[in-house]
Structure formats: C-alpha cells, structure tokens
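Engineer:
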Amino acid sequence: MKRIINAADTLVAESLAGFVAAHEDLVVFGREGIFVRRRELRPGKVAVISGGGAGHEPLHCGFIGAGMLDAACTGHVFTSPTPDQIVAAMDETDTGAGCLLVVKNYDGDVMNFEMAAEMAADRHRIETVIVEDDAAYGPSVRSRGRRGVAGTVVVEKILGAAAERGADLAGLKALGEGLSGRLRSMGVALRGVTVPDNARETFALGPDEMEIGVGIHGEPGLYRAALASADEIVRLLCEPVLAQLPPVDDARPLLIVNGFGGTPPIELHLAHGLARAFLRENGVVPARALVGTFVTSLDMAGLSITVALLTPEEFALWCAPVTTPTLVW
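All letters in the sequence shown, in the order written, are residues 777 to 1105 by my numbering.
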C-alpha cells in the first residue's frame, strides 16, 4: 500500500503538527505538544475533553473549538492516549468548573481515561460520559458492551454546546447518560484497514464480499455477506439501528451518514438519500442530517449510519453555533 509518509513511527506527530498549523486560529498544542486544545479558553466553563487513537480523523481534534471540545488527546494509530496526556489536558483547560471526559467504549480508552481521572482527582472535579452507540452488539476483543463509534460526534457536539451555555458537571453527565439509549450506529466495510506500521489489511475481503457491523479499529464485524446493492446495504444498516431505538415522544431524529476514510462523497450522499427514504417509510422523519467523513478507520472503504432520537433540548444544542476545524454553523 502506497502512502505519503516519512515513517510509521513519526506519522501521528507530523500529522498533528500540520493540523495545528492549518487551524492555528482555533487550536494550539498544549503542554509539551502532547495534546491539542482550544486556542481561547472560556473561564468558568466546564472543560470538555476527549481523545483516542490516531486513525479516526477528523475525530477528535477536528472537533475542538467553540461549542464543542476544549481539548483532545491523540495516541498512536488505534492506540489510546496515555493517562499523562489526559491529565495534562485537564490541568491546562480546567478554568474552575471542572472537566467532563467523553470516552469511546473501547477497553484501552476506558482504562486510560479512568486512570487519568484517578491521578487528577485531588485537583479537579471530574465526570465521565462513556459513548456506546454501536448497534453491532456482540463479542469484541476491544470492548465490553457496545463500542463507541460515529455517535461520538453527536455526544461531543451536544455536550460541548451545553457546556458553552454554562451547564455544570452534573448536568452535563446527566445529559450524556440520558442520550445514550437513544443513539445507535451501524457500519459496513467493503475493504479492510491498512495499518501503516505493518502494511497489511486488518481483514481481507474478496471482490464480492462485505463485512457488516464493523468497528472503527479495523476489527471484523458481526458477519460477512455477498456484496449487495446500495438499497440492500442501507437496509441492513438501518434495520438494527431502528430496532434498538425506543419510542420517544416529540423526538427530533438526527441522521448521520459517515464515511470510514475510503468512501467518496458521491456514495455517501447516495446512501443518505436511501437512508432518509427508509427511515421515512418506517415512521422516522429526520429533522436534520449530517453527511461526510467524520469518524474514520484510516483508509477503510465503507460507511456507517447513525440515528439519534433527540429531545427538543438536545436538538437545540445540536443546532447551536459551533466553530471547529471540521464543523462550523
């Protein structure tokens, strides 16, 4: 696999340096360059901090800015950031109201963020929200329970907007936990991930195969099937998502079609049109949609569909102004 890199072991650091330079009006490196933070911190606001392994860009650093994250910590490719990185981010961004940690439900992320919270408990008020939106619930070597996947964007946006409006730690934690049961995602891959330091695909698919229920670290899905039409793929993703969502009075449905890194916009928009039609046929009318590449798995070809049944309050927070390198409205 050809790549534009110098070396696998310097890829993440060099990429982050380029990212910060490209968005220097919004973000800066934190202490010793071990995390990235919002350039202008707001005193008295809860610091919303997230992070994870590299390879998921623009998650998480691409969502730093007004109305979303205050800091993000990046580990090596598909590897959790270290507790020291997370503690440094808390030390630098906590302006007096405490820190909210938004953590994807993967074992490494959960363990290291928990360790960081313990290490910093003597000087920060800290709460944690675990993102576990994957509808492909089943055995996994990387997590216990549902994985945190593309729904992470929804959680970071809504909690970031609430923090920007002055919500306190307890309110933010309750908001995140309340959203959890009304947020589901499902993904499909047409090609596995090629990890830079081994140049091998994490799983190999034949020319007429697809993998249903994949995560974002290149791990296989729930099952393999023959490559199908776009209509059938969208149905296979939407059906388990809808089956796991509860009925919600006055829900404002949010639909996200997310590319995994190797899927062109023409296919993502096609999938969005089909997903919107499928949801409508099943009584779910999206009030707002987001289509693009937001939570990737390096160069994996495929996409995921996320549906969130938002309350009016949550919908207002989703629609609230945001200014980050990736999302602006």
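No residue lacks a Cβ here, since even glycine has one placed at the ideal position from N, Cα and C.
Here the structure is a predicted model, which means the values were calculated and not measured.
From this set, SER1073, ALA848 and LEU1012, which residue's C-alpha is nearest THR1039's C-alpha?
Structural biologist: Answer by Cα proximity: SER1073.
Engineer: Any heavy atom of the ligand FMN within a distance shorter than 6 Å of the CB on GLY921?
Structural biologist: No copy of the ligand FMN appears in this structure; indeed no ligand is present at all.
Engineer: Report yes if the C-beta distance between SER956 and VAL925 is below 7 Å; otherwise report no.
Structural biologist: No.
Engineer: Would you say the segment 1088 to 1105 touches the segment 935 to 942, given that touching needs at least three Cβ pairs under 8 Å?
Structural biologist: Judged by Cβ distances under 8 Å, the segment 1088 to 1105 makes contact with the segment 935 to 942, as three or more pairs qualify.
Engineer: Once the 5 residues before and after GLU1014 are set aside, which same chain residues still bring their CB inside 7 Å of it?
Structural biologist: The identity of residue 1014 in the sequence shown is Cys, whereas the question assumes Glu. Answer for CYS1014: ALA1051, PHE1054, LEU1055 and ILE1081, listed in chain order.
Engineer: What are the start and end residues of the alpha helix (DSSP H) that includes VAL863?
Structural biologist: That run of the alpha helix (DSSP H) goes 859 to 869.
Engineer: Indicate whether ILE992 and HIS832 have their beta-carbon atoms separated by less than 7 Å.
Structural biologist: For ILE992 and HIS832, yes; Cβs fall inside 7 Å.
Engineer: Let me know the secondary structure DSSP gives LYS949 once reduced to three states.
Structural biologist: Reduced to three states, the DSSP call for LYS949 is helix.
Engineer: Kindly indicate the opening and closing residues of the alpha helix (DSSP H) around LEU1031.
Structural biologist: Taken as a continuous stretch (DSSP letters only), LEU1031 belongs to no alpha helix (DSSP H), being part of the beta strand (DSSP E) at 1028 to 1035.
Engineer: Bridge partners for SER826 per DSSP, in chain order?
Structural biologist: SER826 pairs with ALA848.
Engineer: Express the C-alpha separation of VAL971 and SER791 in angstroms, rounding to a whole number.
Structural biologist: Those two C-alpha atoms are separated by around 15 Å.
Engineer: Excluding the 5 residues preceding and the 5 following GLY806 in the sequence, name in chain order all residues of the same chain whose CB lies nearer than 7 Å to its CB.
Structural biologist: Counting only Cβ-Cβ distances below 7 Å, and skipping sequence neighbours, we find VAL812, ARG813, ALA847, ALA864, ALA865 and GLU868.
Engineer: My output table needs one value for ASP785: the three-state DSSP class, helix, strand or coil.
Structural biologist: Coil.
Engineer: Could you check which residue in GLY851, ALA1027, HIS1045 and ALA842 has the C-alpha nearest to that of ASN1034?
Structural biologist: The option with the nearest alpha carbon to ASN1034 is HIS1045.
Engineer: Judging by CA-CA distance, which residue of GLY947, PRO1016, SER856 and ALA1063 is the nearest neighbour of VAL886?
Structural biologist: Of the listed residues, the one whose Cα sits closest to VAL886 is SER856.
Engineer: Rounded C-beta distance between ARG923 and GLU903? I'm assuming under 8 Å.
Structural biologist: Actually they are not in contact, since the Cβ atoms of ARG923 and GLU903 sit about 21 Å apart, beyond 8 Å.
Engineer: Which term fits VAL917, buried or exposed, when burial requires 16 or more other beta carbons within 10 angstroms of its beta carbon?
Structural biologist: Here the model assigns VAL917 a pLDDT of 43, short of 50, so the residue's position is not dependable, and the following value carries that caveat. It is exposed - the Cβ of VAL917 has fewer than 16 other Cβ atoms within 10 Å.
Engineer: In terms of residue numbering, what span does the beta strand (DSSP E) encompassing ALA1084 cover?
Structural biologist: Run containing ALA1084: 1077 to 1086, per the beta strand (DSSP E) assignment.
Engineer: Our contact map puts ASP883 next to VAL969 with C-beta atoms below 8 Å; I'd like the distance itself, whole angstroms only.
Structural biologist: Incorrect: roughly 18 Å between the Cβ atoms, too far for contact.
Engineer: Who are the near neighbours of LYS1066 in its chain, counting only those whose CB is closer than 7 Å to its CB and skipping five residues on each side?
Structural biologist: As written in the sequence, residue 1066 is Leu, which differs from the Lys given in the question. The answer, listed in chain order, is ILE1032.
Engineer: In chain order, what residues of the same chain have a beta carbon less than 8 Å from the beta carbon of ILE1009, not counting five sequence neighbours either side?
Structural biologist: Taken in chain order, the residues that qualify are VAL964, MET986 and ALA1047.
Engineer: Within the continuous alpha helix (DSSP H) that includes VAL1104, where are the two ends?
Structural biologist: Unbroken run through VAL1104: none, as it is neither H nor E.
Engineer: For ILE1009, which three-state DSSP category applies?
Structural biologist: Looking at ILE1009 - three-state DSSP - the assignment turns out to be helix.
Engineer: Mark GLY921 as exposed unless 16 or more other C-beta atoms lie within 10 angstroms of its C-beta, in which case mark it buried.
Structural biologist: Exposed, since its Cβ has fewer than 16 Cβ neighbours within 10 Å.
Engineer: Which parts of the segment 876 to 906 are runs of the alpha helix (DSSP H), unbroken and 4 residues or longer, counting only runs that do not cross its ends?
Structural biologist: Fully enclosed alpha helix (DSSP H) runs of 4 or longer: 883 to 896.
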